Each structure stands twice: as C-alpha cells, then as structure tokens.
Amino acid sequence: MNARRLGLARLGQYAIVLVVAVTLNFALPRLMPGSPLALIAGVEAGEMTPEERAAVTADAGLDEPLVVQYLTYWKSILTLDFGYSFRQGTPIEELVLGRLPWTLLLTLTALAVSGTVGIALGAFSAWRRGSRWDVGSLSFMIALESTPQFWLGMLFIALFSVSLGWLPSFGATTAGADLSGLAWVADVAEHAALPVLTLSILSIPAVYMAMRYSTLSVLGEDYIRTAQAKGLRPRAVMMHHVVRTALLPVTTVLALRLGWAFGGTVVIETVFSYPGLGRLMYDAVSARDYPVMQGTFLVFTIAVLLANLLADSLYPRLDPRTRV
Amino acid sequence: MTARVITESAPEPQIVLRRSRVSGDRTRVLGVIGAVIVLALGTVAVLAPVLAPYDPTERAGTPFSPPSAEHLLGTNDVGQDLLSEMIYGTRVSLTVGIVAAAAAMVLGTVVGLIGGYFPRLGAVAMRGVDVVLILPFLPLLIVLAAYLGRSIVNTVIIIAILIWAPTARVIRSQVLSLAKRDYIVAARSMGAGHGYVIRRHVLPKTLLLAIGEFVAATSGAILLESSLSFLGLGDPLQESWGSTLYWAQARGAFLTPAWKWWVLPPGLLIMLSALGFALLGYALEQRINPRLRRS
Amino acid sequence: GSNGGTEDTGSSDAAGAATAETLRIGIMSEEGNLTPHTYATGFPGLNLTMLSYDSLMQADENGEPQPWLAETVESSPDGLTYTLGLADGVTWHDGEALTAEDVVFSVDYYKAGPPGRFATAMANVSQAVAQDESTVVLTLGVPDPSFEIRVLADVPILAEHVWSGITEPDLAPFDETTNIGSGPYRLVESDPGVSYSFEAHPEYFRGEPKVDELVVVQFADEAGATAALRSGEIDTMMRSISPEQIDVLRGAGSLDVVEAPEYTTTLLVFNTAVAPFDQAEFRRAVALAVDRQRLVDDVFLGAAVVGNAGWVHPSSQWYDESVETVYDPEAAARLLDDIGLTDSDSDGIRELDGASLSFELLVASNNALRMRLAELIGEQLGEVGIGVEVSSVEMQTLDDAVWPGYDVAQGRNYEMSMWGWSASSQADIGQMASLVSSDPAIGNLNVTGYADPETDALAVELDTELDPTARAEVADQLQQRIAEEVPFVSLLHPNGAYGYNPDVFGDWVSITGSGPMTKLSFIPDDGQP
Amino acid sequence: MVTFASGVADLLAIRELTVTFRTGGRDVYAVRGVDLSVAEGETLAVVGESGSGKSVTMMAALGLLPDNAEVSGSIRLGDRELLAMEERALRSVRGAEIGVVFQDPMSSLNPVHTVSRQIAEAIRAHSDVSRAAAHARAVELLGEVGIPDAKGRADDYPHQFSGGMRQRVMIAMALACGPRVLVADEPTTALDVTVQAQIVDLVDRIRAERGMSVIWISHDLGVVAQIADRVTVMYAGRVIEQGSCADLFDAAVHPYTARLLRAMPRLDAVAGAELEVIPGSLPDPEAQPEGCVFAPRCDHTLDQCAAARPALLPLVAGGRHAVACHRAGDRLTHSQPPGLVGGAPAHERSAGQIVVALDDLRVHYWGRGSWRRAAAPVRAVDGVTLGLERGRTLGLVGESGSGKSTLARALLGLEKTSGGTVAFGGQVLHTMSAAGLRKLRCTAQLVFQDPSASMNPALRVEDVVSEPLRINRRGSVAEQRARAGELLEIVELPRELGRRFPHQLSGGQRQRVAIARALALDPQVLVCDEPVSALDVSVQAQIITLLSRLQAELGLSLLVISHDLAVIRTIAHRVAVMYLGQIVELGSRDDVFGGPRHPYTRGLLDAVPIPDPHRRSRPVPLAGDPPSPVAPPPGCRFHERCAFARPGLCDTTPPPLEQQRPGHWTACHLADEIAASSTAPDPVRSATG
Ligand SMILES: Nc1ncnc2c1ncn2[C@@H]1O[C@H](COP(=O)(O)OP(=O)(O)OP(=O)(O)O)[C@@H](O)[C@H]1O
Ligand SMILES: Nc1ncnc2c1ncn2[C@@H]1O[C@H](COP(=O)(O)OP(=O)(O)OP(=O)(O)O)[C@@H](O)[C@H]1O
Ligand SMILES: [Mg+2]
Ligand SMILES: [Mg+2]
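One line per chain: the protein sequences are A, B, E and W, in this order. Using my numbering, read the first sequence as starting at 387 and increasing by one per residue. Using my numbering, read the second sequence as starting at 988 and increasing by one per residue. Using my numbering, read the third sequence as starting at 373 and increasing by one per residue. Using my numbering, read the fourth sequence as starting at 2 and increasing by one per residue.
Right under this line is the structure:
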C-alpha cells in the first residue's frame, strides 16, 4: 500500500526527469553547430538557390518557430510517429527497431556473461579476502577497469581477425549471404563474439567490485555468525546466507549497468562496425540528422530511465524487508 | 549441587591453535603499488624535458621508422619521436585527469552536500543529477566542444561535466547519513546554524570521502580523455596518449607491425596511470569508508 | 562521339581477375536508400546509385562525356536545343523498354520534384519533347557550355512506370519497384547503414557486367574496413586508402592497390574579407611560403599531385601549363615586408597594427591527413613570420564556420581553414567560375568571399562561352588570374589509391580524375564508352 | 580432568583458556586464562563488564573466533576436546550439541529467509530429514517457544516479528537439534524489561523440561539472580570469583564483585539511596599486567597484588566458592548496604515551580515521500501534558517505542510538533523568533544515550566541550578553552583529557564529556535521553551520582528518560510512565514505585528482575507487545494487554489522566478497584512508601 504510493511518487519523479531529458534531447541537436541542410538536400546544397534552400528547410519543418517544433516533437512522441530520417527517408521507428535487436544482443549477452563471471569471482574473492587469490583478482579487475575500451577492441581485431583469421571483425551478419536456421545463428554468434567479448571483459570489473564489496559487508553481519553457530557447512553458509543476501544490492548494479551498457556501446559498435543503435546515433550526430538523433536519444533516455526504475523496483521485490 | 575444585596436578591437555591465515590484509599492498605508479608517472611528467630525448613536436626522424637506437620506440607518421611523445603525453594525461577530476569533485561535492543537507532542495538537485546521468553524452560532448572550442582546458571542462554526477550521489548519501548523526543533532540543539554545522561537522568528513572519490575519478578522467582524443573529439593536436592512439589508428598502425611500438605503449600507459589512481582510490576507500573498515 | 570500346591500358595499372561472381566492397559513410532522390553522399553514394541507373551520356576514361543512353547528341549552334537519339534495345530491370517518354518524364519529374542536384541541373531545361519513340529534344533557357558534362552525363533517367506513382520521391522506400533502373546492376537488398546487395542486369545494353554480384558493406571507419580487407572479409573498398597503407597492402601478398590521379582538391582557404587577407599581396605571400612538394612528400608520402597555382589539375585538358607554381619563402618575406607587415619586436612573428600576425587555422578533426597538412603549413608560414594556431574542430562545425547554411551569401566566420572540393569541381571546368565569382548566383562555392571585377567578368564568360577553343582561352585567363590573385591556395590532389584483392577481381577501369570506383569498371571491354 | 567435589562430571569445561587477537602488530589479550565449567542441567551465569571477555570465551568454545585469534587452553565437552577438533567435527558439535542465542535478535537472523527456513536449516544440517519434516519440526519448535499461531507465521520473515518474538525464534533455532548446552549471550539486553521477563521465563522453562545446561552471559545482575545456579564473574579476561548464586549475592568476597553489587541501582533498595561508585575503568586490553587485573581500582591492594597474578582458589578447600584475590582469606569487610542520599528528600508531594510545561503535545510522523497525505501518521507523542519543576528530576519510563525520545526532542524544539505547545517559563516555543529560539536553546540542553555517537570523532574533547560556546560566540577562543577545562573539572575529569579524542576515552568518560558540554551554556534544564543505558553498571553508578550532584549544586531541572526503572527510581523526584505516546501515570517517585495505580506501571515493575537469588517467585509478566502507534487501539490504549480490562468500558472510552490521589495522576478507569483487589504491596517495595 505504502510501497505502491512510494512507487507512484517515484514514477512522478521519473516523469519529471523524462520531460527535462526530452526537452534537452530536442535542444541538443539544435544547439549543435552545422545544419542538416546538406543531408536533406543531398550534398550539393551549395548549388541551390536561396529559394530552394528555404523550400527544403520548410519541407523538413525546420523553418517553424522553435516552440512549434518542440510541440511537434512532443506530439510525435505521444503518437509514436517520429517522422523520417533526413538522410535515409526511412521512418525513424523502422530504423530504430532495425538496430535495436543488435544492440540488445550485444548488451544482454555481455551483461549475462559479465554478471555471471563478476558475481562468481567477486563472491569468491570476498570469501578468500586478503588471500593471494583475492589480491590477484582484485588487482587484475582494477587493471581491466583501467583498460581503454577502443584499444582492447582494436587489439582484438588485429589479433583474432587479421592475424589469426578466426573471427569476423565487423558487422552483425555476413552481408549478402542468404543464411537461415542454424547457419544464421552461427553466423550471428560469430559476428557478435568479439564485440561481446570486449564488452563483457570490460564490464566484469564493475560487477566484481560490487559483489566483492557487498559480500564483504554481508560477511560481517551477525546472522552469518548465527548460521555458522548452527553448524552449517561453509559452502551452505556461503551459498544460502552470504551470496544470497549479497546479491541484493548487486542486482541494482546490474540493472543500472543495463541502462548504461545500452548507451555505452557506441565505441564498441564503432570499432567493430556493428549495426547497433549506438552507431546509428553516432552517424546521426555526425550528420545532424535531427529526427534520428531525437529518436535515438529518446531510446537511450528511456533505456536509462527504465533501468533506474527496474533497479528501484527490483530491490524491494527481492528484499523481503522492504516487501509489504 | 555441584562444586568444583581445581586439582593442581591434573594433567591438562594444552593445545595451542595458531591463527590459520595471516590476517594482515594483503590488499594494502595495492595502495602502495598505486602510490608508486602515480608517483613514478608524476615524476616523469615533471621531468619530461629532461627525460625526453627529443622535442615531441620536432620532426626528428624518418616517418614510420621502427625502433632503433636513436628512436627507442620508433617514430610516428611525421617522424616525431614516439618515446618523447609518450613522456610528454604523461603531462597532458595526468593534468587533464587530475584537473578534470578535481573540478568534478568540487561540483559533485557542492551539489551532494547541499542536496544531502537540505533534503527538499536535495530532491530537486538529485533530479538534476538524474538528467545529467541519462543524457546522451556524445552530442553533449559535441555541443560543448563546439561552444568551447577544442583545447585542453575545454577537454577538462567536458570531462568534469560528464563525471561529476555520480560523485554528487555518493556525497549526498554520505551527508544524508551524517545529518542524522547524534553529534549533528547535538550541535543543532545547542543553537548551531546550518552554516556552522556544514562547516564544522559535515564538510570535513565529506571532504575525506571526496578525496577518495577524486582519486578514483582521476582514473576515469584519464580514460575518458584518451577515449575523447581517440574518437577525434578531443584535441588530436595535443600530445596526449589518447591522441597518439588517434594518430596510430588514423595512420593504420593497428594493422602493421608498428602496433608493437606505436599502439601498445600509449595503451599500456593509459592503463597504467588509470590503474595507479584506481588502486590508490581503492586503498583510500578502504580507509575512509567506515563500512569497509570494520573487522 | 564514339561508341566503341577502348582497351583498358594506360589509365589503370591494375591487374587481376577480369570477372567475378561476388565482389565485396567496403564503404565508410552512411548512405540512404540508393535512388536518385535518396542517396546521401556524392562519393560513394552517387557512384553506387549510378550502378543501377544510366544517364544520357557517360564520362569516358578521360572524363569526356560520350554518348550512352543517347546514341547521338546534337546541339543547335546557339546552344539552346539538344536533339538526342536514344540507343536501341535498352530495357529497365523489369524488362520494360526504355523510351523517349521516360526521358521526358525524368526531366519533368526532376523539375517538379524537391530541390536537389538533379533538379538544379534540370532547372535550365525549359522544355523536353519526345519526337518519336527514340528521339528527345531538350530546349534550354540559356546556353550552357557545360550542359553535356553537367547534365546529360550526370542526371539518371527514371522509369516513368515506376516513378509516376511516387509523389514524395525523397521518402521513396526501398522496394520491388523503386529499385528499377536501367544500369548494369539492380539493387536487390538495401539495409542503409549496414549493407547493400547488387545483382548484375544480364540484359544490360552495353553487355553483361563483369561481376555477377556486388555486396557493399558499411564500416564505421577506415581502420575497420582496412582490417577487413586485410583479413579477407572484403575484396576492396570505396575509399582511397591512406598513403602509408599503399606499400603495406602491396606487401601483404594477396592484395594490390590501384592508383590513379584524382581531381579531388585540398585547399587552404581564407576569409578574404578580413585584413590582411583582403590584400592580394598578402595572399600571394602565403601561397609562396607554402612548400606544396613537401606537403605531398611528408604527409602523402608522394601519393598526391602538387596543387597548381591556377587551380586546375595537371591531368585535366583545361590545364594551362604557363601558370607557374612557385615555392619561394624569401620572395614571400619580401612581399610581406613590402606591404608593411614586419616583425618589429623580433619575436619571429610579424605585426599588423601592433598586434602580432597570428591566425587560427581550422581543420576538420575527422581528417587526419589534413590535420597533418595544417600542422606543416603552420610551420611553413611560421618561417616567414605568420603565426598560425591549428585548431581541430568537428566537421560540421567547420562547415558551419566556413560555409554557413551552404550559402556563401550568408558570409563566413573564420580566418583560415583547410578545405576541399570533390572531383566533380574539376571535371567540369565551368565550376571554376563558381569558386571565384562574387555573384552568388554564379560563385556559389566562393567560400573565401573573394571579389574582383576582372575575375567576375572572366567567370561570366566561362559560364557562357560556347565555342570550345574560345572557352579554353577564357579558362586559361582565369587560371592566370587565380594564380595572381590567390583567392585560395590549391595545395594538392591526393591520388586515388584503392586496395583490392586481385584474386577476386582486378579489371579496374579508371576515369581520369574520378578513379576506378565507378560502373565503368564492371562494364565489359566492348561496352566501354 | 576437571572434577567436581560431588563427583558429577562437568558437561562443558573450560580450562586455562587464553585468547589473543593479533591485529596488525598490536595484540589484544581478550581472555587471559579462564576456567569455568557447567554441569548437566545447570544454569551458569557469566557476568562482567563490557569487554571483559565473556563473548570471546563462548565463541572460542564454538570455534567461531575470527582468523586472527590465537587460542590456547582446553575446552572439553564431555570427554571430547573441542580445541583439538577438526573444523568438520566441530561443525557437528555446533548447533547440535551447543546451541547459541545471541544478543541482538534484530541482526542475528538473516533478513532474506523465512524464520521456518532458518530453523529447518539448522535441523537439516545435523540430521538427515526431509525438507517437509524439518519444516514441520520448525513449526513445532516455534509453538514451543511461544510464538502465537506458529503455523501461520512460520513462513514470515524476521522483520515481520517484534524484537521479543525474534528472540524466541533465535531460541527455537538454538534448540532445534536438542543441544546439551545452550549458550545465551546477553539474550535480553536489547529488549524491554517486559519482554526480558518473558524470555527469562521461557529459557528457564525449557531448561527444566529438557534437562539442558545453560550458560547465560549477562551484565544484568538482576537477571542473574533470578536464573542462575552458579555465577562466574569475569573481569578483564579473567575469572575473579565464582560460586553458587547465593554465595555471590550474599557473601561476595572479591572486592570487585562486592562493589559491583553495590553499584547497581535496584528496585528493592531504599529509594534515593546513593550508589557506590567504582572509580577508574577496565584496564587496557592490550596491556599485560603482571599481577591482579583489578589492582589499579582496588582499595585493598597489597604489594603482591601488582606483582603476582592471584589464582582462582576455593575459599575453603573443596568448597564451591572460589575467588582470585590475594586477600580472599582476609575477610575484608565491604561497606554496608547503601544508606540514604543526603540531598534528595525521601518523599515529596509539594509541587515546585514549573520551568517547562508541555500542554497536549502531539508529534505525528507522516510517511516519507507520500504524495497523498491521507495515510495514517505514526502517533509518536499523542497528547502529553507535563510539567518540569525547577531543580527537580522528572523520570520518564516506558517500553521501547512509547515516544520518550520524541517527547524529549519536541521539548527541545528539535521536532516539529503536530499539536499542543511547549512553553518555557511562559514562552511558547513555536511562536518564538529564530533569535529567541537560539536563546532558549541555551537554557535547555540534551544529553544523548550514546555518548560516542553524540561527539564528532574528529574533534578533541576540549573542542567538543567548548562547542556550544563557539556556536553561540561566547568569549574568545582562549576563554572558551579555559571554560572547557573548568567544565571538565565539574564533571570530575582531569583537564588534560581535553587534549584527547573521544575514542580515546572510556564509555563513562565520554558520557561525562557529553554532560560537560551540555553544561557549557549554564542551562536550567537538562534532558537526558537514556544517559546510562549504554554503560556498564559500575560506570552507570558514576554517571547517576554525577547527575544528582550537579543538580544539587547547579539547581538544574532534569528530565531523565530511561527504560530501566531502577535507574529512574534512584535518580528521579517525580516519575511519568508513558505508553503509546501518552502518559498513563504521573506522580512522585514513591507514589509511583510504592503504590502504582496503573496496571501498566505495575506490569513494568513486576517485570524488573530483583537481584536477590532468594526472591525468585516471579509474578506473571506483562504479556504481548505494545500495539502499533500508527493505529492505537480505541478506548484505553492499554486494554488489549490489561488483565483487568472491562469490556464495554476500557475498549471504548479512553480514560483521562486524572489526579486520583493528591499529586498522583493516573489514566485508568479501574485504578481504585485494582488497588483494592490485588494482593498487598510487596513488603520491600513499600519500604519507603
Ligand atoms: N575480532 C576481534 N579482534 C580484536 N579484538 C577483539 C575481537 N573481538 C573481541 N575483541 C576484544 O576482546 C575483548 C573481549 O571482548 P568480548 O566481546 O568477549 O567482551 P564481552 O565481555 O562479551 O563484552 P560485552 O558485554 O560488551 O559483550 C574486548 O576488549 C574486545 O575489544
Ligand atoms: N522520524 C520518524 N519517522 C517516523 N516514525 C518515527 C520517527 N521517529 C520515531 N518514530 C516512531 O515513533 C515512535 C516513538 O519513537 P521514540 O523513539 O520516541 O520511542 P522511545 O520511547 O524513545 O523508544 P526507545 O526506548 O526504543 O528509544 C516509534 O514507533 C517510532 O518508530
Ligand atoms: Mg559480548
Ligand atoms: Mg528512545
């Protein structure tokens, strides 16, 4: 009852954040120098007469007062009709939905991998805290966290694709190859391997650190002593009491990472020429494709908000103390 | 009823159980390693003109030459000495990292402090933090870069703007818990105003935390600087490790044998410096964070 | 013109398999749907689009327009009427015949459609009439000496039965009908931003294309594409590789590089409206102080052609050999001294009205080579006492400063900048007028804001002179004027260098100035223009 | 082998146990040679001040000491040596043969598992039974320890239980495998007296039923007297005296034990009796004194006390009363039972001048973050009318959560009131200007329960003490410092202590510093919220004495909040009893303690264990837990727990707080009836009434 009201209050806060973010999403493209004219008109914008230029601008709705454009943007959000890409003339929904699955594939797989590995290693490290193993893995993780993403990705390409020729270096599928069924799945997996590997490797440390920290603090709790006093085997204490409880805050970290990972794939998608949302946004930004920019920003904004919401609502659900 | 006597002569089994594991937390070593790395890099940065064999802007050799006696790490695409570039790059990377992190800490601390101490205002401030955290940062970057122009100062500003928000959160939660402490209630009950309480009781504690955050953030800032330079969003004309990588990538070094002397060293240096600060930050957190200090 | 094939010697040093089943090509820019109204970039977007479409004429290996869809092209002496006889047996990809009606439809459709390159080209065509099945008469509003190269050899002809039903051509989606053209290839798969697939048109009127299938894949950047080329995941790429990669690729064993001069230009532009750039002497001094050969050698490792003071590429038929391009820093220094820009406080930098003579040189941050050029130019100018501070900015930001709103009438907001025009600006000598004329209607590319009555007069003449010899004369005069007045400094022309896998395909045909990445490379020898 | 004179073997015998913690170069000598044992079916109480090594001793027996502990000695269970056991074998002892109940039931249960699961887990760890069977047994156990509707509540989570019920769950868990020994480490310290009485009953009942041995660790001598067969007194890691309960309470030999007993405020003592104070504090656990650990605080030292460690020896050979004191044989006479306090009149009815008046004060907390304000508030304080007299002490007692602290904070203007007024000498608090409020803050000061939490650990003691002066800009820095020194002397601390940091002080010293700080602005009113409940008995006595002295010297008006009725009885002139946000009884100390009229007050008093092993007949303590302050019951708020409640009256009409006797207010419809019907008042209790 109270929790639900609290939830509603949170939702209200999110709504405010969303409105501000959407407004900024609208403003940012227009604040950026350069104009999308070249895009709308094709490259030879310079050869157009001023009248033609005006016509083009009007056609894209860019001559309207900003307020009107802003309201139009809201309308498009509310009606889920985001218009067309200046560059491609394709509806935004189509573009975004076309790219979304790839980004999801990367982020979710990487999250699953890094989540599992990070949690397992983190718990183990805390369990053996102060040991050689703990120090070793801890420093290794901190080192990983300090590795530049793009650099690792490029080294992977140089190693696995160019030198060894084991894995494809770009794209999500083999272009032009008409694959189906298992062959297609294998093809997709092959293409996703390097980006996922890079993403996972680099997200493990955050999960690891969170889990290690969380486990350490749980290990100091009185109820762990109670469990030991019951004569439980260390494994049982670890699994049923320590890990189970330590996982609670880590789920929040994972949920938040999901939102973050979503927007954080830009670099990876660029390095691996992977057709995800991050690259769509990057290209749109470089070209000032306003509708695509707004569309992708909105997706990222909503993803982060949803992740926050998920984190906010997941924790109380998992923790009986806050469950009503 | 029972009573008990001590029979002096009773042969008592005397067992000594030695502690099974060394309790000295080995993770302390990490802080020392971090400090050594940071100090070493700091020294290199300060002594760059002495240490570097060439002026990094000088065309000192044949472009694209592999390592040799004159150029230990070879030369880049315009014949500049890569080793000198690495040495001078330490200056830029460390400066950008430290200054940006410091700026972010100041901003984050102020917002977090106010946000935590005045809960109503804090709720508003935190919504602001939320917004910053969810904004797509690429366009934000370009907008900022366009308005500010590209320079090392602006890179610093951009990074600071990107990383202050999480700090504000951390500081706020600390201040929130501090504000409930008995000694603050005590001060309030003695008639202390907000200014006094913040100055005397909240700020000192928070600063300690902010210092820990700062060191950790420096690591992030160094990484960000390299990413920005690499993506061409920083200033590729500045001699930083990131821009060395930018040139390496732009001139195809990743795919030639040159990667060994052109790509690996800056990447490793970025990693090393970020690692140094991260380790230091970890060690500091262990000392500062009371939750971690227990047992 | 001729209709026979030319042997593929001389213009290309490439060798390799002459036919292929599949050729995988990498591109680096995001393209839209590949139709004449929705392609995104001039290169490679338009080149890819033109795989599926044909124009009435076609540039040959020398860049000269030759009959193509139009077998005969006759113009009236006043230059106002063109009579075109269409080739026989040309069919659309769906089997329908291409007729004069299609040509007339195309003209009207472009004119009525949204603004754009082809609408602009067609603006001067006041009337198009189909005299019979295969003859079209075009009437021009004013005579245009560049009409053949700029319009007939450029504008793709559309199928009336496809496009007449499409009211919003700039939103035309990719589907079964919009991918119908008359070109050697049909676009069968389109996933903008990711990949495209083309299939050969077996009934192509110039003969069956040499490669059955073209797969075009988009990369995020050159590094990724080069890696894929090296790992054998693609066979070539539609981006001239960086000079340092030429030897690397050639040394990689399985790969080769086709190298040819291109008309792409790299310029140093300045805002001639601000002092001291408003003085021709100062501009000349700047030009004299830049060692173009050094730029070519140091940055491009020799894989570029030194820019000509008179703007025109030495390989062009319009090139005026009498124009001299000199590097003489001492002369530059003297010139500067003469106009009173001296280094009075001996800090190495000259002063203008007491303030030190220092400028910001903008360069786009996505172009590494230009950044290196800028650095070098900065050093070279520094040697004659002109201070330069190189500032790398994002590409769009640079465009916005140099060419706000793509409208030279809107002014400009920079001091010096690295700049460049695409190959088409040299292919058509008429474009030279648009670079230097102060009349925005003619000089629509005059981003330096240069204004000089004598030049303006020459520009008008170049734009209207129909007689080829007379026009060549005007072009020579204009080149000399440019060399003297220096509205901009033409630095160099990077060579086109395209890595490819000769085992897959290597029978490249280059067009002078435009390189091998056009449909000519896929058209059989006996079908070449 | 340790033997008993009677020949009955010890079940658990600890011999020469030493435990040293190695912490980064510094060693903590937590246990320095402890001998103790417990026989089958016996209850052994282990008492001693905080830090004396009680818990560590028991943890050593269970093998649950942290890794940095170095242990030597012998711990035998039956004929098995626990210290020599492998971890695996030890696990089969833990839980199965030795069950443990820890102090804090809030943190000792895993919050993410249901209680039945946590009990079943203990069962399944030691016997091969099915999940269902274990669950069934868990439900059974819950019933046994007195959880109402055990079946229905078995699958609830710990946070859904009250503190007392959680402790019952802990006990059920400890009993799950039928252990032979139950170790209870201060199982009631965190609980209300009412709940404590329930738990003490429960453990004693189960022990009797099962014939189990119980080791009950406590610092509450009252509980010990009620439950123990034998008592072991620990001091600074050593056993200094042990013997039967009666031996110790009647004829303590060790100076420490004797003084401890006299330092304890007790309900059966003469009201207003002065407590005896043990000067000094526990020795540094890092130091290793050669001789008697108590020597530095002892009045009877000989030369040898500092030089040689006294052995724990029976007083008479073969006797059961053993003492570790060089002067055990000297029959030292310890001072007589406490006499009357000089200053405080024994009995007082005349009303003094009111300094602070609360009128119908209400403090309601609204749920945080709710966007709709319709939710019911927490009625923490719900209509309290009360006056604080000049120069007198008002004691405020009540169960946890009854609103005592909230009342105190509201009185000081630290809490937003929801209704009613607080008036200082006629000035109503919430109508005051900010400046006025600041001035008023100087006249009323607060002393917190937890002295260490109420000081900024980063400030030196002198800065802590002079902080009020600095805040109110009184005098120069030098003057402030000088005044800080004076204040320290007032609370009987040496000035030099000012240079230290709070964490370098003992608990009692810290509380003195807190009091010194509260005195800095020469307040008229001092509000002490549980000022001694975090402190050991010996320190408690010091603070209570100090407060009484200060009141007498400075004419302070005190409001002392405590859940310990004995403390209130020792210090207060008047007493207010609070229940669910309201005052149910108010009167002079002797009226309230001597002739309680409200059934709740009587319940509270009955629940207090008397530190006298000869008076063990315990009346039935108050049942159940207080209801939620969000939805207080209609009518008399106490009626649900009241044995006398009359349906139709008590559950519908709230009784007003009336002056039913002169100077004695009670809020009960049936006060007169109950007084008449119940048995004659306790003779000892009525000693002064
Ligand atoms: N893990 C540990 N490391 C270092 N010292 C410890 C540790 N655990 C306990 N000690 C020290 O051992 C001594 C005895 O502690 P113990 O917990 O046994 O006291 P106690 O008698 O149970 O006190 P309390 O009544 O406060 O529970 C104390 O000085 C304590 O500080
Ligand atoms: N800030 C708050 N918000 C909501 N409820 C509160 C708040 N502070 C106290 N309460 C509630 O008000 C009631 C009275 O609390 P208070 O702390 O005054 O009790 P107390 O008598 O001092 O108890 P204790 O003896 O445990 O200190 C409790 O039910 C408590 O949960
Ligand atoms: Mg203890
Ligand atoms: Mg309280």
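Every residue gets a Cβ at the ideal spot worked out from N, C-alpha and C, and that includes glycine. Please read all numbers here as calculations on a predicted model, not as lab measurements.
**Asked** Does any CB atom of chain B fall closer than 9 Å to the CB of residue 638(A)?
**Response** By this cut-off, residue 638(A) is not an interface position.
**Asked** Are the region 76-93 of chain W and the region 670-677 of chain A touching by the rule of at least three beta carbon pairs closer than 8 Å?
**Response** Judged by Cβ distances under 8 Å, the region 76-93 of chain W makes no contact with the region 670-677 of chain A, as fewer than three pairs qualify.
**Message:** Closest to residue 496(W) by C-alpha separation, out of 524(W), 508(W), 239(W) and 464(W), would be which residue?
**Reply:** Nearest C-alpha to residue 496(W) among 524(W), 508(W), 239(W) and 464(W): 464(W).
**Asked** Quick one, are the C-beta atoms of residue 1047(B) and residue 1077(B) less than 9 Å apart?
**Response** Judged by beta-carbon spacing, residue 1077(B) lies beyond the 9 Å limit of residue 1047(B), meaning their Cβ atoms are not closer than that value.
**Request:** Can you say whether residue 344(W) is buried or exposed, counting buried as having 16 or more other CB atoms within 10 angstroms of its CB?
**Result:** The predicted model places residue 344(W) with a pLDDT of 38, which falls under 50 and marks its position as unreliable; any figure quoted below should be read in that light. Around the CB of residue 344(W), fewer than 16 other CB atoms lie within 10 Å, so the residue is classed as exposed.
**Asked** Short check: CB of residue 38(W) to CB of residue 66(W), under 9 Å?
**Response** Result no, Cβ atoms of residue 38(W) and residue 66(W) do not sit closer than 9 Å.
**Asked** Do the region 586-597 of chain E and the region 494-512 of chain E make contact, defined as three or more Cβ pairs closer than 8 Å?
**Response** No, the region 586-597 of chain E does not touch the region 494-512 of chain E.
**Asked** What whole-angstrom Cβ distance do residue 201(W) and residue 224(W) have, given they're in contact under 8 Å?
**Response** Correct: roughly 6 Å between the Cβ atoms.
**Prompt:** Exposed or buried, which one is residue 439(A) when buried takes at least 16 other CB atoms within 10 Å?
**Reply:** Answer is buried; the Cβ neighbour count reaches 16.
**Request:** Starting from the N-terminal side, write out each stretch of the alpha helix (DSSP H) that is 4 residues or longer and does not extend beyond the region 631-706 of chain E.
**Result:** With a minimum length of 4 residues, the continuous alpha helix (DSSP H) runs that stay inside the region 631-706 of chain E are 652-661 and 664-670.
**Item:** chain B contacts made by the region 619-645 of chain A, where a contact means CB separation under 7 Å
**Value:** Listed in sequence order: no entries.
**Asked** Taking C-alpha atoms, which residue in 873(E), 733(E) and 613(E) lies nearest to residue 866(E)?
**Response** Here the closest residue by C-alpha is 613(E).
**Message:** For residue 736(E), which residues in the same chain have their Cβ closer than 6 Å to its Cβ, ignoring the five residues on either side in sequence?
**Reply:** Correct list, in chain order: 767 and 770.
**Within chain A, partners of residue 1261(B) - CB distance below 7 Å** = Neighbourhood of residue 1261(B) in chain A, by CB distance below 7 Å: 532, in chain order.
**Message:** I'd like to know if the region 628-635 of chain A and the region 507-518 of chain A are in contact, where contact means that at least 3 CB-CB pairs between them fall below 8 Å.
**Reply:** Output reads yes: the region 507-518 of chain A touches the region 628-635 of chain A.
**Prompt:** Would the region 628-647 of chain W and the region 557-573 of chain W be scored as touching if the rule is three or more Cβ pairs under 8 Å?
**Reply:** Flag = no, the region 628-647 of chain W and the region 557-573 of chain W do not touch.
**Request:** Look up residue 586(E) in the DSSP assignment and say whether it is helix, strand or coil.
**Result:** Collapsing the DSSP output to three states places residue 586(E) in a strand.
**Asked** Taking the alpha-carbon positions, what's the residue 779(E) to residue 593(A) distance?
**Response** Taking the straight line from one Cα to the other gives about 52 Å.
**Item:** Complete runs of the alpha helix (DSSP H) confined to the region 405-462 of chain W [at least 4 residues]
**Value:** Complete alpha helix (DSSP H) runs here, min 4: 405-412 and 435-444.
**Asked** Given 8 Å as the limit, is there contact between the region 498-508 of chain W and the region 411-427 of chain W, that is, 3 or more CB pairs closer than that?
**Response** No contact exists between the region 498-508 of chain W and the region 411-427 of chain W.
**Message:** Using a Cβ-Cβ cutoff of 7 Å, what residues of the region 609-621 of chain E are near chain B? List them in chain order.
**Reply:** Within the region 609-621 of chain E, 614, 616, 617 and 620 place their CB atoms closer than 7 Å to a CB of chain B, listed in sequence order.
**Prompt:** Excluding the five sequence neighbours on either side, which residues of its own chain have a C-beta within less than 7 Å of the C-beta of residue 144(W), listed in chain order?
**Reply:** Counting only Cβ-Cβ distances below 7 Å, and skipping sequence neighbours, we find 151.
**Asked** Closest by CA to residue 249(W), which one among 46(W), 100(W), 306(W) and 212(W)?
**Response** Measuring C-alpha to C-alpha distances from residue 249(W) to each of 46(W), 100(W), 306(W) and 212(W) identifies 46(W) as the nearest.
**Message:** Does any residue of chain W have a CB that is nearer than 9 Å to the CB of residue 698(A)?
**Reply:** By this cut-off, residue 698(A) is not an interface position.
**Prompt:** Is residue 1(W) near ligand 1, in the sense that its beta carbon is under 8 Å from a heavy atom of that ligand?
**Reply:** Given that chain W is displayed from residue 2 to residue 690, the structure contains no residue 1(W) and the question cannot be resolved.
**Prompt:** CB residue 706(A) to CB residue 290(W), shorter than 9 Å?
**Reply:** Contact flag unset, no.
**Message:** Tell me which residues pass a beta-carbon proximity test against ligand 2: closer than 5 Å to any heavy atom, given in chain order.
**Reply:** After applying the 5 Å Cβ criterion, the set is 366(W), 379(W), 381(W), 401(W), 402(W), 403(W), 404(W), 405(W), 406(W), 407(W) and 630(W).
**Selection from 1175(B), 1141(B) and 1266(B) that minimises the alpha carbon distance to residue 1086(B)** = Looking at 1175(B), 1141(B) and 1266(B), the one whose alpha-carbon comes closest to that of residue 1086(B) is 1141(B).
**Message:** Could you compute how far the alpha carbon of residue 582(W) sits from the alpha carbon of residue 407(W)?
**Reply:** Taking the straight line joining both Cα atoms gives about 9 Å.
**Item:** Whole-angstrom C-beta distance between residue 1214(B) and residue 1223(B), which should lie under 8 Å
**Value:** Going by Cβ atoms, the distance from residue 1223(B) to residue 1214(B) rounds to 13 Å, so no, they are not a contact pair.
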